[in-house]
Structures are given as C-alpha cells and as structure tokens.
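Below is one structure; the comments refer to it alone.
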Amino acid sequence: MIEVQEHGELGAPAPRVWGLVADFGGFVEMLVASRNGEVTTHGSGVGMTRTVDVDGERLVERLDEVDEERWRTRYSMIVTGPLPIADYQATITLNPLRHDRCRLDWAGSFVPDGATEDDAAAAVRAVYVEGIALMRQRFGG
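Rendered as structure tokens:
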C-alpha cells in the first residue's frame, strides 16, 4: 500500500468549509467544473456513489463514512478511470486552527496498477494539490 497526504490552510472556519466537504457530489463538482466535467450522484448518505465524467474518463467513488463531530469524510474508488491505482481509500479531514481558519488534510492509500509506485503517487498527489488549490480559491488561503 502506498500512502499520499497533502494539507492546505484555508481562510474560513471549519463549519463553513464542512458544508462543501460533506456534500459528496458538490465537493467533486467544484474540482471538475473547470474541465467541463459532470458529476452524478446515486443514493444519499453513507453508501451513496458519485460518478465523475471528465476529459473522456469515468471515475466512480463511494462514500464510506461521514463523521460530523470530527469534520471527516472517508470514501473509496470503485472505478479508477485514468488513475493507475487500485484499492483506493481516502479521508478528508478539517482541523480548526482559529475561529476563522482551518486546515484541510487529504490522505489516501492505494496499490499501483499499471504504473510505478512513484508515478501512481504523483497522479494521486496531483489531484489532491489541485483540489486544495481550488479550495483556497474558494475560501482563501
């Protein structure tokens, strides 16, 4: 198993950012909007899935946990699309820093599939870095 982690400080309190992170479909819509991506959700709450179509590729992810007290979501990828990985699980956690700031921690584990460990880690890290950058655009950094 390979693990990748990225962190970013956001210029908004955790409860405000949580509104987007906890929205399983809305969070990823923000990530793919710049590439004319489309997100479709099926079901609601833990167990729901989101299908992400972007750049001619499809990913399917399942919401595995929502912990509102800890501002944490956990999800897994059922269909990995263009990512050279398998057995992917990730956690997004918000950590309050002050009344007006929080840190977003995004961590995932997976097995490389059709790529070296370094290339697989770089592909996942690129998603996290882009996602955190978009969150900073939205909430300040």
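Position 139 of the sequence shown, counting from 1, maps to 137 under this note's numbering, and the rest follow consecutively.
Just so you know, even glycine gets a beta-carbon here, dropped at the ideal spot from N, CA and C.
Quick caveat: nothing in here was measured; it's all calculated off a predicted structure.
Neighbourhood of residue 103 by C-beta distance below 6 Å, restricted to the same chain and skipping five residues each side = Taking the sequence shown and counting its residues from 1, the one referred to as residue 103 is at position 105. Excluding residues within five positions, the ones whose Cβ falls inside 6 Å are 5, 91.
Is it a yes or a no for the stretch 51 to 58 touching the stretch 68 to 79, going by three-plus beta-carbon pairs under 8 Å?
-> yes
Beta carbon of residue 11 nearer than 9 Å to that of residue 99 = Taking the first residue of the sequence shown as 1, we reach residue 11 at position 13. Taking the first residue of the sequence shown as 1, we reach residue 99 at position 101. Closer than 9 Å, so yes.
Close beta carbons around residue 83, own chain, < 6 Å, minus the five adjacent residues each side | The residue labelled residue 83 in the question sits at position 85 within the sequence shown. Once the five neighbours on either side are set aside, the close Cβ partners of residue 83 are 108, 111, 118.
The beta strand (DSSP E) with residue 117 in it runs from where to where?
-> On the sequence shown, position 119 is the one that residue 117 refers to. Not the beta strand (DSSP E): residue 117 falls in the alpha helix (DSSP H), residues 115 to 137.
How far does the alpha helix (DSSP H) with residue 27 in it reach, from first residue to last?
-> The count along the sequence shown starts at 1 and reaches residue 27 at position 29. Counting along the chain, the alpha helix (DSSP H) containing residue 27 begins and ends at 22 to 30.
Buried or exposed: which applies to residue 204, given that a residue is buried once 16 or more other Cβ atoms fall within 10 Å of its Cβ?
-> For the chain, the structure presents residues -1 to 139; residue 204 sits outside this window and is missing.
At 4 residues or longer, and completely inside the stretch 51 to 107: list those alpha helix (DSSP H) runs for me, N to C.
-> none
Spatial distance of residue 45 from residue 16 (CA atoms) | As a first step, residue 45 is located in the sequence shown; it is residue number 47 there, counting from the start. As a first step, residue 16 is located in the sequence shown; it is residue number 18 there, counting from the start. Approximately 19 Å, taken between the alpha carbons.
Identity of the residue in 1, 27, 19 nearest residue 101 by Cα | Start at 1 with the first residue of the sequence shown, and residue 101 comes out as number 103. Of the candidates 1, 27, 19, the one whose C-alpha sits nearest the C-alpha of residue 101 is 19.
If I'm right that residue 85 touches residue 72 with Cβ under 8 Å, what's the distance once you round it to whole angstroms?
-> What you label residue 85 is simply residue 87 of the sequence shown in a count that begins at 1. What you label residue 72 is simply residue 74 of the sequence shown in a count that begins at 1. Actually they do not touch by this definition, with Cβ atoms about 14 Å apart.
Which value, in whole angstroms, describes the spacing of the CA atoms of residue 54 and residue 29?
-> Residue numbering aside, residue 54 sits at position 56 when the sequence shown is read from its first letter. Residue numbering aside, residue 29 sits at position 31 when the sequence shown is read from its first letter. Their Cα atoms are separated by approximately 15 Å.
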